[in-house]
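Engineer: Numbering of the sequence shown is given in our numbering, commencing with residue 2 and proceeding in unit increments.
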Amino acid sequence: MEGGSPTQRELKAHPLHSFQVEPRAYFNRVHSLVYICAILGLFYHRLLQLFHCTTFSSFSVFLTMLLSEAVLAFMWLTTFSCRWRPSRRQAFPENLSKLIKDEDLPSLDVFICTADPYKEPPINVVNTALSVMAFDYPTEKISVYVSDDGGSELTLFAFMEGAKFARHWLPFCRENGIEERCPEAYFRSTEGSRRRGDKIKALYEDMKDKVEKVMETGKVSLDQVTSDEEREAIKKWTDGFTRKNHPTVIQVLVESSKDVDVSGHKLPNLIYVSREKRTTSPHHFKAGALNVLVRVSGVMSNAPVVLTLDCDMYSNDPQAPRRALCYLLDPQKASKLAFVQFPQRYQGINRYDTYASELKRLFIINPMGMDGLKGTGYVGTGCFFNRHSFYGGPSSSSSSFSPPPPLDVPDYKCNGTMNGCMIRSDSVLKVAHKVAGCNFEHGTSWGSKMGFRYGSLVEDYFTGYRLHCEGWESVFCHPEKAAFLGDIPICLDDALSQNKRWCVGLLEVGFSKYSPLTFGTTRISLLMGLCYAHLAFWGLWSIPMAAYGFLPQLALLNQFQLFPKVSDPWFYLYVYLFIGAYGQDLFDFLVAGGSIQWWWSDQRMWMIRGITSYLFGLIEFTLNQIGFSATGFNVTSKVIDDEQDKHYKQGIFEFGVPSPLFVPLVMVATINLIAFVVGLAGALMHWNIEDMFVQLFISGFVVVNSWPIYEAMVLRKDKGSMPIETTIKSAFLAGLLYLLAYFTFRI
Ligand SMILES: O=c1ccn([C@@H]2O[C@H](COP(=O)(O)OP(=O)(O)O[C@H]3O[C@H](CO)[C@@H](O)[C@H](O)[C@H]3O)[C@@H](O)[C@H]2O)c(=O)[nH]1
Ligand SMILES: [Mn+2]
2 MEGGSPTQRE
12 LKAHPLHSFQ
22 VEPRAYFNRV
32 HSLVYICAIL
42 GLFYHRLLQL
52 FHCTTFSSFS
62 VFLTMLLSEA
72 VLAFMWLTTF
82 SCRWRPSRRQ
92 AFPENLSKLI
102 KDEDLPSLDV
112 FICTADPYKE
122 PPINVVNTAL
132 SVMAFDYPTE
142 KISVYVSDDG
152 GSELTLFAFM
162 EGAKFARHWL
172 PFCRENGIEE
182 RCPEAYFRST
192 EGSRRRGDKI
202 KALYEDMKDK
212 VEKVMETGKV
222 SLDQVTSDEE
232 REAIKKWTDG
242 FTRKNHPTVI
252 QVLVESSKDV
262 DVSGHKLPNL
272 IYVSREKRTT
282 SPHHFKAGAL
292 NVLVRVSGVM
302 SNAPVVLTLD
312 CDMYSNDPQA
322 PRRALCYLLD
332 PQKASKLAFV
342 QFPQRYQGIN
352 RYDTYASELK
362 RLFIINPMGM
372 DGLKGTGYVG
382 TGCFFNRHSF
392 YGGPSSSSSS
402 FSPPPPLDVP
412 DYKCNGTMNG
422 CMIRSDSVLK
432 VAHKVAGCNF
442 EHGTSWGSKM
452 GFRYGSLVED
462 YFTGYRLHCE
472 GWESVFCHPE
482 KAAFLGDIPI
492 CLDDALSQNK
502 RWCVGLLEVG
512 FSKYSPLTFG
522 TTRISLLMGL
532 CYAHLAFWGL
542 WSIPMAAYGF
552 LPQLALLNQF
562 QLFPKVSDPW
572 FYLYVYLFIG
582 AYGQDLFDFL
592 VAGGSIQWWW
602 SDQRMWMIRG
612 ITSYLFGLIE
622 FTLNQIGFSA
632 TGFNVTSKVI
642 DDEQDKHYKQ
652 GIFEFGVPSP
662 LFVPLVMVAT
672 INLIAFVVGL
682 AGALMHWNIE
692 DMFVQLFISG
702 FVVVNSWPIY
712 EAMVLRKDKG
722 SMPIETTIKS
732 AFLAGLLYLL
742 AYFTFRI
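(1) Rounded to whole angstroms, what's the CA-CA distance from H18 to V476? Just pull it up for me.
(2) Take the Cβ of P661 as the centre, count every other Cβ of all protein chains shown within 10 Å, and call the residue buried at 16 or more, exposed below.
(3) The beta strand (DSSP E) that contains Q21, what's its start and end?
(4) Can you tell me whether DSSP reads D103 as helix, strand or coil?
(5) What beta strand (DSSP E) runs, 3 residues minimum, are completely inside the region 333 to 366?
(6) Please output, in chain order, the residues near ligand 1 using a CB cut-off of less than 5 Å to any non-hydrogen atom of the ligand.
(7) Excluding five sequence neighbours on each side, which residues of the same chain lie with their C-beta closer than 8 Å to the C-beta of L291?
(8) Are the Cβ atoms of Q342 and T377 separated by less than 7 Å?
(9) What residue ranges within the region 97 to 151 form continuous alpha helix (DSSP H) runs of no fewer than 4 residues, ordered along the chain?
(10) With a threshold of 16 other CB atoms inside 10 Å of the CB of I672, please say whether the residue is buried or exposed.
(11) Who are the Cβ neighbours of V126 in its own chain at under 6 Å, not counting the five residues just before and after it?
(12) Going by beta-carbon coordinates alone, are V221 and E154 separated by less than 7 Å?
(13) Checking 7 Å against the spacing of the C-beta atoms, do V669 and I612 come in under that value?
(14) What would DSSP say about F57, mapped onto helix, strand or coil?
(15) Pull up the CB-CB distance for M66 and R47, whole angstroms please, since I reckon it's below 8 Å.
(16) Can the beta-carbon of E104 be found less than 7 Å from the beta-carbon of M161?
(17) Is it true that the region 521 to 533 meets the region 640 to 650, where meeting means three or more beta-carbon pairs spaced less than 8 Å apart?
(18) With E474 as the anchor, note down where its beta strand (DSSP E) starts and where it stops.
(19) Ignoring anything shorter than 4 residues or poking outside the region 186 to 247, list the alpha helix (DSSP H) runs there in chain order.
(20) Determine contact between the region 129 to 144 and the region 90 to 110, defined as no fewer than three beta-carbon pairs at a distance below 8 Å.
(21) Below 8 Å CB to CB, which residues in the same chain sit around Q50 once its five sequence neighbours on both sides are set aside?
(22) Check this for me: beta carbons of G152 and H247, under 7 Å apart or not?
(23) Of all the options S700, Q604, F564, P332, which has the alpha carbon lying nearest to the alpha carbon of L100?
(24) For T727, does the count of other Cβ atoms within 10 angstroms reach 16, so buried, or fall short, so exposed?
(25) Please report the straight-line C-alpha distance between D229 and L157, rounded to a whole angstrom.
(26) According to the Cβ coordinates, are R605 and N706 closer than 7 Å?
(27) State the CB to CB distance for the pair V1 and F391, rounded to an integer number of angstroms; the pair is presumed to be in contact (CB under 8 Å).
(28) Is the separation between the beta-carbon of N559 and that of F746 shorter than 7 Å?
(29) Considering just the uninterrupted stretch of the beta strand (DSSP E) at V307, what are its terminal residues?
(30) On the three-state DSSP scale, how would you describe Q645?
(31) Out of S516, L578, L508, F463, which has the shortest C-alpha to C-alpha gap to K287?
(32) Quick check on this structure: which residue in S298, D643, I699, L131 has the alpha carbon closest to the alpha carbon of I1?
(33) CA-CA distance, F440 and A325?
(34) Just curious, the alpha helix (DSSP H) that F744 is in, first and last residue?
(35) What does DSSP give as the partner residues of N270 in its beta bridges?
(36) Could you spell out where the beta strand (DSSP E) holding S428 opens and where it closes?
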């Protein structure tokens, strides 16, 4: 470390962090054991049924049920590994300052990725950058790198304006003790909104207006920029410059060693990078962008600590770097610690969390479970890395946090530290352009053994997983106050498409030679491998979901019994399997600070994703494998449409677009409603309700969950209702399915 690590004695007096296994771990273990026995019972019962089948159709129906339940059981077993040792940590940043002087803190490189100015408004990206430039951390030690995969002069222009505003914003925060360092969030807050007419507010509005103006015209004209340097930069957008085909643009907007704010203090470095793109060369999406930043920053500032952020994830806690350092600088952990991950948390979630955007299981519950083993996975944003982890496995020799090696670039003589050379100097810029070129990685280990890993659409998951396989560890840092806050999709199609992309990316890992089931369980540990497998095979949820969404209902309509009747003792096994799984899920959710209402939305979205995102994800992945198509990284829109926003705030589902994802959803909703009504009427009139009770219950449960879909199909007339073509298409397909079932059950 730059100033020497704290000694054991000092650490005893001023601990940097604490760790505790949650008491519920023991309950979880016992319950899991009981549940596993129940699963074995289920298989036994299903096999008995199979042996007693007399017709081919009943045999295939029971076999489908058995296979679906095998998938459910597999997924249950993998969640069990996340429940084995849930743990909780606490960091004590107040002790850090007692052990390490500010001037001895390591420098910090922050990477912010953006990819499309029309889906990710540049003014928001600027806000994210300003919020981290204003971290409660020695400013001259911070360098912020913005990667613009959209290759847009609009984004560069926004950052030119942002750099000027930073000169006012940073001293303003410092002098007034402002906690909220993201300007937009600050001016929205009660305290900030009182600043109407203030100079700082006027400056902010002025910047925003300028950025909005260029956004409207879609172009930056040369009279909109003030200095020669800016004009030269904008001139790089020549006629042949497109987002998919353009040379590297690197613009140093603020240089710490030269530029000061309005009160004379040093500013952080701020560097805009748009890597070279050629249609002939793969660019590996976000992972590729991050690797370019690893190298460009390696040439310019080469900080030992790197923070990665998505463009919408602004800093909500200026202490976040110091919290992360409580772990990264601990001499007992340092040599093996690859990263400290803060959970993804979001602003603007509505009262019901309609689309389960909080993703509590993915971002909080499971990470707490993995943190008790070897550490949580990487989730793409809000993560502080030890730069060493980009270059290979942990070294067994060093016991403390050491400065990273200089970047290995042929003919590169600069020593790779800020003190070494000015980052605007020609020699540094020349190398920086070279390492940002699209051919630089040819024949190197970047993306395979170095940096962020290629080969999956979820580069975050894959990279974290590979680091764990190499022997690195990680830490889940989950303070009450969110360290970073991001945007959520506010219409169903966006939410489901995002999940579909994740699902494809996860399957890419699940079925690769690095599959967590084989590679992971042997390289890390059995339990860690299973935790990773739980995510990798998300797409498989769609199999039992589709089976349970259609089969029991179609069977009910044809009076075919799939489950034991109420008076049969086996009935209680199914009751327990249902209540045990749902109950444990609710329990986990509540313990992690959730409410019943949000849990309800969460389980509903789980079912919705099951037959939409996961199903389409699984199909798309299969098609990709046999070479039919290739999936790209479809960036999630962060633009707020007013009408959608209104609906979201009211908790109304937003359909609106005729998305193919909605087709199976409407089919399930329709078939379940019909099955429930017909089944109930039939049961009340002529058959015995107890025979079909389980099937009736399942249909009823789906109907209750599908309420918003019925509303959108029949009752609503607004723009967010279900497009009529989707309803017609789905009704037609549901009819076909019914006919198919009718003949199957009757042969
Ligand atoms: O070619 C690309 C595509 C995306 N991005 C950036 O990647 C980030 C994440 O993209 P987004 O559309 O917001 O995807 P999400 O699904 O919301 O992102 C989650 O999932 C991704 C993996 O699929 C992770 O990379 C993210 O960190 C994680 O928040 C954004 O800042 C984008 O600008 C790029 O830089 N280059
Ligand atoms: Mn995002």
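All C-beta atoms in this analysis are idealised placements derived from N, C-alpha and C, irrespective of residue type, glycine included.
Structural biologist: In short, the structure shows the following:
(1) For the purposes of this step, residue 18 is taken as residue 17 along the sequence shown, with counting starting at 1. For the purposes of this step, residue 476 is taken as residue 475 along the sequence shown, with counting starting at 1. Approximately 11 Å, taken between the alpha carbons.
(2) Taking the first residue of the sequence shown as position 1, residue 661 is located at position 660. For P661, the number of other beta carbons within 10 angstroms of its own is below 16, and it is reported as exposed.
(3) Sequence index remark: in the sequence shown, residue 21 carries index 20 (1-based). Looking at the DSSP string, the run of the beta strand (DSSP E) that includes Q21 is 18 to 22.
(4) By one-based count along the sequence shown, residue 103 stands at place 102. Here D103 sits in helix by DSSP.
(5) DSSP runs (the beta strand (DSSP E)) wholly in the region 333 to 366: 338 to 342.
(6) Those residues, listed in chain order, are C114, T115, A116, D150, F286, K287, A290, D311, C312, G381, T382, V459, D461, Q499, F634, V636, T637.
(7) Walking along the sequence shown from the start, residue 291 turns up at place 290. Same-chain partners within the cutoff: F112, C114, S148, T309, G452, F453, E460.
(8) Within the sequence shown, the letter at position 341 stands for residue 342. Within the sequence shown, the letter at position 376 stands for residue 377. For Q342 and T377, yes; Cβs fall inside 7 Å.
(9) Entirely contained in the region 97 to 151, the alpha helix (DSSP H) runs reaching 4 residues are, in chain order, 123 to 134.
(10) Along the sequence shown, read from residue 1 onward, the residue named residue 672 stands at position 671. I672 sits buried, since 16 or more C-beta atoms from the chains shown fall within 10 Å of its C-beta.
(11) In the sequence shown, residue 126 corresponds to position 125, counting from 1. Counting only Cβ-Cβ distances below 6 Å, and skipping sequence neighbours, we find T115, C312.
(12) What you label residue 221 is simply residue 220 of the sequence shown in a count that begins at 1. What you label residue 154 is simply residue 153 of the sequence shown in a count that begins at 1. When the beta-carbon positions are compared, V221 and E154 come within less than 7 Å of each other.
(13) Position 668 of the sequence shown holds residue 669. Position 611 of the sequence shown holds residue 612. Going by C-beta atoms, V669 is nearer than 7 Å to I612.
(14) Here residue 57 is taken as the residue at index 56 of the sequence shown, counted from 1. Helix, per DSSP.
(15) Position 65 of the sequence shown, counted from the start, is the residue given in the question as residue 66. Position 46 of the sequence shown, counted from the start, is the residue given in the question as residue 47. About 7 Å separates the CB atoms of M66 and R47; that is less than 8 Å, so the two are in contact.
(16) For the purposes of this step, residue 104 is taken as the residue at position 103 of the sequence shown. For the purposes of this step, residue 161 is taken as the residue at position 160 of the sequence shown. Against a cut-off of 7 Å, the Cβ pair of M161 and E104 comes out as no contact.
(17) No, they do not touch.
(18) In the sequence shown, the residue the question calls residue 474 occupies position 473. Its beta strand (DSSP E) spans residues 474 to 477.
(19) As far as the region 186 to 247 is concerned, its whole alpha helix (DSSP H) runs of at least 4 residues are 191 to 194, 200 to 218, 229 to 235.
(20) Contact between the region 129 to 144 and the region 90 to 110 is present, because at least three Cβ pairs lie under 8 Å.
(21) By 1-based counting over the sequence shown, the position of residue 50 is 49. Short of 8 Å from the beta carbon of Q50, and not among the five residues preceding or following it, lie these beta carbons of its own chain, in chain order: F63.
(22) Start at 1 with the first residue of the sequence shown, and residue 152 comes out as number 151. Start at 1 with the first residue of the sequence shown, and residue 247 comes out as number 246. For the pair G152 and H247, the CB atoms are nearer than the 7 Å cut-off.
(23) In the sequence shown, the residue the question calls residue 100 occupies position 99. Closest by alpha carbon: P332.
(24) Walking along the sequence shown from the start, residue 727 turns up at place 726. Result: buried.
(25) In the sequence shown, the residue the question calls residue 229 occupies position 228. In the sequence shown, the residue the question calls residue 157 occupies position 156. Answer to the nearest angstrom: the Cα atoms are 15 Å apart.
(26) Here the question's residue 605 lines up with position 604 in the sequence shown. Here the question's residue 706 lines up with position 705 in the sequence shown. Going by beta carbons, R605 and N706 fall inside the 7 Å limit.
(27) The displayed coordinates of the chain run from 2 to 748. Any statement about residue 1 would go beyond what the structure contains.
(28) Here residue 559 is taken as the residue at index 558 of the sequence shown, counted from 1. Here residue 746 is taken as the residue at index 745 of the sequence shown, counted from 1. Yes, Cβ-Cβ distance for N559 and F746 is below 7 Å.
(29) Locating residue 307 in the sequence shown gives position 306, counting from the first residue. Where V307 is concerned, the enclosing beta strand (DSSP E) stretches over 306 to 311.
(30) Here residue 645 refers to the residue found at position 644 when the sequence shown is read from its first residue. Note: Q645 maps to helix in three-state DSSP.
(31) Position 286 of the sequence shown, counted from the first residue, corresponds to residue 287. Answer by Cα proximity: F463.
(32) With the chain covering only 2 through 748, there is no way to say anything about residue 1.
(33) The count along the sequence shown starts at 1 and reaches residue 440 at position 439. The count along the sequence shown starts at 1 and reaches residue 325 at position 324. The amino acid at residue 440 is misidentified as Phe; the sequence shows Asn. A325 has its alpha-carbon roughly 34 Å from the corresponding atom of N440.
(34) Your numbering for residue 744 matches position 743 in the sequence shown. 725 to 747 is the extent of the alpha helix (DSSP H) around F744.
(35) In the sequence shown, residue 270 corresponds to position 269, counting from 1. Paired residues: S144.
(36) If you number the sequence shown from 1, residue 428 lands on position 427. The continuous stretches of beta strand (DSSP E) do not include S428, which lies in the alpha helix (DSSP H) extending over residues 427 to 436.
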